[in-house]
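Structure first, then comments.
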Amino acid sequence: MTFPKVVAVPGVQFGVSVVVLCAVFGAVLGTGEAMNVVDAAEVWPDSVRTIKYAASVDNSDQPMLVYTAKSDNKRPLLVGLHTWSGSFSQAGGEVACARWCIENDWHFIHPDFRGPNWTPDGCGSDKAVQDIIDAVDYMKANHNIATDRIYLVGASGGGHASILMAGRAPEIWAGVSSWVPISDIRAWWEQKREGRQSGYADHIEKAVGGRPDDNETAAQECIKRSPLTYLKNAASVNLDINAGITDGHEGGSVPFTHSLYAFNEVVPKQDQISDDFIGSFYEAQQLPAGISKANADALFGEKSVVFRRTSGNTRVTIFQGGHEIIHEAALNWLAAQRKGKPANWKVTAKRTLKTDNKESHSGK
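Heads up, the sequence shown is in this note's numbering, so the first residue is 839 and it goes up one at a time.
And the structure:
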């Protein structure tokens, strides 16, 4: 067994570690609007500690937060990814994921994967992708991990990273729960070019090396960093994609069309959602005439399910909400999944996890 470098974070004490991949949105809007992300020292449980592990791509030391299960037996690993503008130390909805792991004796990790998404090394780069894989490999080498129960969860910028990893490393995951994700970097750049959230377009240009409409290298980088490029590889992954119906309008910054098109990229043609349906649904923020509302899902609590489609191991849900994650829905679904087995869409057992509004609405 190798031992990591342990780095103190003020206010975060050392203790047992749990591995969870839980991703939410970003820390700051491009206009400077503050988001519900605070410093790790304020709210992370004392038993979560900071370590550094070696990145295989460049041999650099990469930080992550870790909680390890108390049991000596093999336990699930939950990997939590930070938000668009965040880093490994941010504390938003990811803290709820850590609490879940502590309460259920799971391992948890929250890697940095090259920090905020406005640098070439961030935003879905090869380095960022490999850092996440290396973080999981580190936990497998140093702790007793149930390899058929390695889970990934993220929202917004973390949702982007989670479906990217579903396509780029499908062999790892027993389940991936993605919330309000960005699936197409070029499309999101075009959607954010003007208006109060134009800072996101600036972030993308910094990451890809210019404007993708007049720089071919930048255009190719957008393709390379977009989950849509790889999701055809994710058909074997138990993949649950979720978004709020007001996201992209007054409810947040990422149009829920990104989730619908991500679903389409994974599933067979006969199960795909038509462009006409997607356009009408998004513009009206209500189901087209003749389409019935989806059945209720108790895991979503007060957030009613508006639209849902399932194909094999892949599901997409549009719920009555905005740019947010519903932790109990995400984590209870993940707990029922096993690698190598078909997705379990009939999750009846529900473990409660108390969260507050700031943890659910991790950014807009």
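Built from N, CA and C at the ideal position, the CB exists for glycine as well.
{"Asked": "For G931 and Q1110, the rounded distance between their alpha carbons", "Found": "31 Å"}
{"Asked": "Under 8 Å between C-beta atoms of R1024 and S1064", "Found": "yes"}
{"Asked": "Cβ neighbour criterion (16 or more within 10 Å) applied to I889", "Found": "buried"}
{"Asked": "Q900, enclosing beta strand (DSSP E) - first and last residue", "Found": "D899 to Y905"}
{"Asked": "Alpha-carbon to alpha-carbon, A929 and M902", "Found": "13 Å"}
{"Asked": "G853 versus E941 - alpha carbon distance", "Found": "Residue placement at G853 is flagged as unreliable, the pLDDT there being 32, under the threshold of 50; a coordinate-derived value is accordingly withheld."}
{"Asked": "Exposure label - R952; buried when at least 16 CB within 10 Å", "Found": "buried"}
{"Asked": "8 Å Cβ shell around K1188 - same chain, five flanking residues per side excluded", "Found": "A1136, L1137, E1166 and N1170"}
{"Asked": "Inter-residue spacing [alpha-carbon to alpha-carbon] between Q1058 and Q1123", "Found": "32 Å"}
{"Asked": "Helix, strand or coil at V866 [DSSP, three-state]", "Found": "In this prediction, V866 has a pLDDT of 33, which is less than 50 and means its spatial position is unreliable; what the coordinates show is noted afterwards. In this structure, V866 counts as strand in the three-state DSSP scheme."}
{"Asked": "Nonlocal neighbours in the same chain, by C-beta distance under 6 Å from L1002, ignoring five residues either side", "Found": "G962 and P1065"}
{"Asked": "Alpha helix (DSSP H) segment containing V1104, residue limits", "Found": "T1095 to V1104"}
{"Asked": "Cβ neighbour criterion (16 or more within 10 Å) applied to T1152", "Found": "buried"}
{"Asked": "Whole-angstrom C-beta distance between A1012 and N1076, which should lie under 8 Å", "Found": "7 Å"}
{"Asked": "Distance between N1080 and T1155 (C-alpha atoms, nearest Å)", "Found": "5 Å"}
{"Asked": "Buried or exposed by the 16-neighbour rule on C-beta atoms within 10 Å, applied to T985", "Found": "exposed"}
{"Asked": "Sequence-distant residues of the same chain with beta carbon closer than 6 Å to K965, five excluded per side", "Found": "V895, R952 and D959"}
{"Asked": "Pick from M977, S994 and A993 that is closest to H987, judged by C-alpha positions", "Found": "Note that residue 987 is Arg in the sequence shown here, rather than His. Ranking the options by Cα distance to R987, first place goes to M977."}
{"Asked": "Proximity test, Cβ basis, 8 Å: L919 and chain D", "Found": "In the displayed structure, chain D is absent; only one protein chain is listed."}
{"Asked": "For A1012, the three-state DSSP class (helix, strand or coil)", "Found": "coil"}
{"Asked": "Beta carbon of P1106 nearer than 8 Å to that of S1149", "Found": "yes"}
{"Asked": "Under 8 Å between C-beta atoms of L1069 and A1100", "Found": "yes"}
{"Asked": "Test item: CB-CB of F926 and D943 under 8 Å", "Found": "no"}
{"Asked": "G1117 to T1095 span [Cα, whole Å]", "Found": "8 Å"}
{"Asked": "Segment limits, beta strand (DSSP E) that includes T1055", "Found": "Careful: T1055 lies outside any beta strand (DSSP E), inside the alpha helix (DSSP H) at E1054 to K1062."}
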